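First comes the structure, then the notes that go with it.
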Amino acid sequence: MHIADGLISPQTYLPAAAVVIPLWFIAGRRLKHHSDYLLPRLAVFTALALILNTLMLPLPGGTTGHLVGISILALIFGPSTAFIAYSLMLFLQTLVLGAGGITALPINALAIGFVGAWTTGLIYQLGYRIHPGFAISIATFAAVMISATLVALALGIQPIIAAAPDGTPRFFPFGLSITLPAILIPHFFIALGEALLTTIIVGHAQRRQWVEAYSS
Amino acid sequence: MTHLAKIMLYLIAIMSITMVHNPVLLLGGVCGVFFMARPNPVAMLWRSARRVFWIATLLSFGYGVMGLLTQQLDWMFLLLLNSRLLLLSFLTTWLMQVVCWRQALMRWPEAQRWLVVVRTQAGLLTQLSHHYRDAVRSRSAYPGSLRKRYCANAAMSLALLDKSVHNAEALTLGMRSRGVFND
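Residue numbers (my numbering), protein chains in the order written: chain A, 970 to 1185; chain B, 621 to 803.
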């Protein structure tokens, strides 16, 4: 789902960086208190998210289609830790695999890491008293769809905010009328698969007592 | 030059690249990196081009078709887009070649060890899944049904997850016993 380097204008990634850097700082400080005993499991689930993210297919909307793994992280470690773990995963993916990018990192971290993790957390908290498994599925589905919508919006506004005086695009060339369907339709099916996968993995993590967040 | 300074220079360079809208300058940048990159600039350029190939092809093709249909095709934009994608990818590949992340993150020990453990786990998980795939292939005369394969994959994936958590706990226990967490 994440955006590649070179498709996002400074008008977009600089404000996104100004928002995301303090959020990284806050999440990093929260993580510092219990990083040692969490490290093994957090590393494994961050690595799992990295592997899920590497199985990608380029989509016509200028992004890629793949499983995300943010909901798994959010439901096991909580949204704040999930956000920082997912940001690290995006960073590693950029440097090691060349997917995503440093200029696109703030937008990707905000749209997928931050919004995805908090959407999962909030919807799960609202629904887990009714049916925990169903709440996991719905929270995951919503997180993927909302993140995908934000990614589509970030790409689709590029021809509007970063065009040459004669109207020629300078970064991503397609508008919202293309990015929204091109990204959201494949991600509808990805979100269904992700919901199933997250339900299985989080269920397994609950049986193994690996869940740090929402364990009550 | 320290590794942290190299990362800072890289960040400045990539931000500057996104502020340049002249494809000739960007292609000049690609040539400049090619002449400065060592030890094997051809291999690095090839790896960088491969990394952006699919996204650049898809975008260029989509833009080309739409441009031809609407008769608003701008070849300079296509050149700009592709040269920027290539230059950013080439710079990132070069950075990976010249920066030692362990030394660059010396001032942030938490980030340093997290990066080490995550990279190790990603490598181990990939290796385990390859072993599993090879084992399944070598033991099956013909491919099973899709349902059977999915069920087997799900069961095996959870076992792999258990093994990975166990490995990571053993690794961090070893790190702790050697005083890694004492700072």
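Beta carbons: idealized from backbone N, C-alpha and C, even for Gly. Please read all numbers here as calculations on a predicted model, not as lab measurements.
Beta-carbon proximity of residue i to residue j, cut-off 8 Å
i	j	result
Gly1067 of chain A	Arg739 of chain B	no
Ala996 of chain A	Ile1053 of chain A	yes
Pro1155 of chain A	Phe697 of chain B	no
Thr1015 of chain A	Leu1057 of chain A	yes
Val800 of chain B	Arg704 of chain B	no
Ile1041 of chain A	Val1171 of chain A	yes
Thr712 of chain B	Thr1063 of chain A	yes
Ala1123 of chain A	Ile972 of chain A	yes
Tyr1055 of chain A	Tyr1183 of chain A	no
Ile675 of chain B	Pro1027 of chain A	yes
Ala1043 of chain A	Ala1086 of chain A	yes
Phe654 of chain B	Leu665 of chain B	yes
Leu983 of chain A	Leu745 of chain B	no
Leu678 of chain B	Gly975 of chain A	no
Alpha carbon of residue i to alpha carbon of residue j, nearest angstrom
i	j	result
Pro1048 of chain A	Gln692 of chain B	45 Å
Glu789 of chain B	Pro763 of chain B	35 Å
Arg1139 of chain A	His750 of chain B	41 Å
Leu699 of chain B	Ala761 of chain B	50 Å
Thr690 of chain B	Asp754 of chain B	50 Å
Leu1091 of chain A	Leu645 of chain B	47 Å
Thr981 of chain A	Met635 of chain B	12 Å
Gly1125 of chain A	Lys783 of chain B	42 Å
Cys771 of chain B	Leu1166 of chain A	12 Å
Leu563 of chain B	Leu706 of chain B	The question about residue 563 of chain B has no answer here: the residues shown for chain B are numbered 621 through 803.
Leu793 of chain B	His786 of chain B	10 Å
Met628 of chain B	Ala669 of chain B	24 Å
Pro659 of chain B	Cys651 of chain B	15 Å
Ala1164 of chain A	Pro1134 of chain A	44 Å
Ile1105 of chain A	Leu1019 of chain A	21 Å
Phe1103 of chain A	Leu1095 of chain A	11 Å
Ile632 of chain B	Ile1147 of chain A	32 Å
Met639 of chain B	Met970 of chain A	25 Å
Met716 of chain B	Tyr630 of chain B	11 Å
Leu1059 of chain A	Gly1069 of chain A	7 Å
Trp695 of chain B	Phe1158 of chain A	35 Å
Partners in chain A for residue i, counting only beta-carbon separations shorter than 8 Å
i	result
Met716 of chain B	Leu1064 and Val1065
Leu748 of chain B	Per Cβ cutoff of 8 Å: no residues; Leu748 of chain B is ~10 Å from chain A at best.
Thr712 of chain B	Asp974, Thr1063, Leu1064, Gly1067, Gly1070 and Ile1071
Under 8 Å from the C-beta of residue i: neighbouring residues of chain B
i	result
Ser978 of chain A	Thr638
Leu1019 of chain A	Val738 and Ala742
His1173 of chain A	Leu778 and Leu781
Contacts that residue i makes with chain A (C-beta to C-beta distance below 7 Å)
i	result
Gln741 of chain B	Ala1012, Val1013 and Ala1016
Thr622 of chain B	What Thr622 of chain B touches in chain A: nothing, since even the nearest Cβ is about 18 Å away.
Ser797 of chain B	Ordered by position in chain A, no residue passes the 7 Å Cβ test against Ser797 of chain B, which lies about 13 Å from the chain.
Selected residue, minimal CA-CA separation from residue i, among the options
i	options	result
Met621 of chain B	B:Val640, B:Trp674 and B:Val718	B:Val718
Thr1088 of chain A	A:Ile1154, A:Met1114 and A:Trp993	A:Met1114
Ala1117 of chain A	A:Ser978, A:Val1037 and A:Val1013	A:Val1037
Phe1110 of chain A	A:Tyr1055, A:Leu1000, A:Ala1160 and A:Ile1152	A:Ala1160
Val1013 of chain A	A:Ala1051, A:Pro1027, A:Thr1063 and A:Trp993	A:Ala1051
Leu1011 of chain A	B:Leu781, B:Arg796 and B:Ser797	B:Leu781
Val1065 of chain A	A:Leu1007, A:Ala1078, A:Asn1022 and A:Thr1148	A:Asn1022
Leu1008 of chain A	B:Ser777, B:Arg769, B:Val736 and B:Tyr752	B:Val736
Val662 of chain B	B:Arg757, B:Gly687, B:Gly684 and B:Phe710	B:Phe710
Trp1179 of chain A	A:Phe1046, A:Trp993, A:Ile977 and A:Gly1136	A:Phe1046
Leu1145 of chain A	A:Thr1137, A:Phe1158 and A:Ile1129	A:Ile1129
Glu1181 of chain A	A:Ile1099, A:Tyr1006 and A:Phe1157	A:Tyr1006
Arg998 of chain A	B:Trp721, B:Ala731 and B:Leu688	B:Ala731
Leu1119 of chain A	A:Leu976, A:Ile1076, A:Trp993 and A:Leu1000	A:Ile1076
Ala1121 of chain A	A:Tyr1097, A:Pro1101 and A:Leu1153	A:Leu1153
Under 7 Å by beta carbon: chain B residues contacting residue i
i	result
Pro1138 of chain A	Phe697
Gly1070 of chain A	Leu708
Leu1095 of chain A	The premise fails here: Leu1095 of chain A is roughly 28 Å from chain B at the closest Cβ pair, so nothing lies under 7 Å.
Chain A residues whose Cβ lies nearer than 9 Å to that of residue i
i	result
Thr792 of chain B	Asp1005, Tyr1006, Leu1008, Pro1009 and Ala1012
Partners in chain B for residue i, counting only beta-carbon separations shorter than 9 Å
i	result
Ile1169 of chain A	Ala774, Ser777 and Leu778
Evaluate contact between the stretch 978-997 of chain A and the stretch 1079-1097 of chain A, counting only Cβ atoms and requiring at least three cross-stretch pairs below 8 Å.
Yes, the stretch 978-997 of chain A touches the stretch 1079-1097 of chain A.
Quick one: any contact between the stretch 722-737 of chain B and the stretch 623-631 of chain B, if contact means 3 or more CB pairs under 8 Å?
Yes: the two stretches touch, three or more of their Cβ pairs being nearer than 8 Å.
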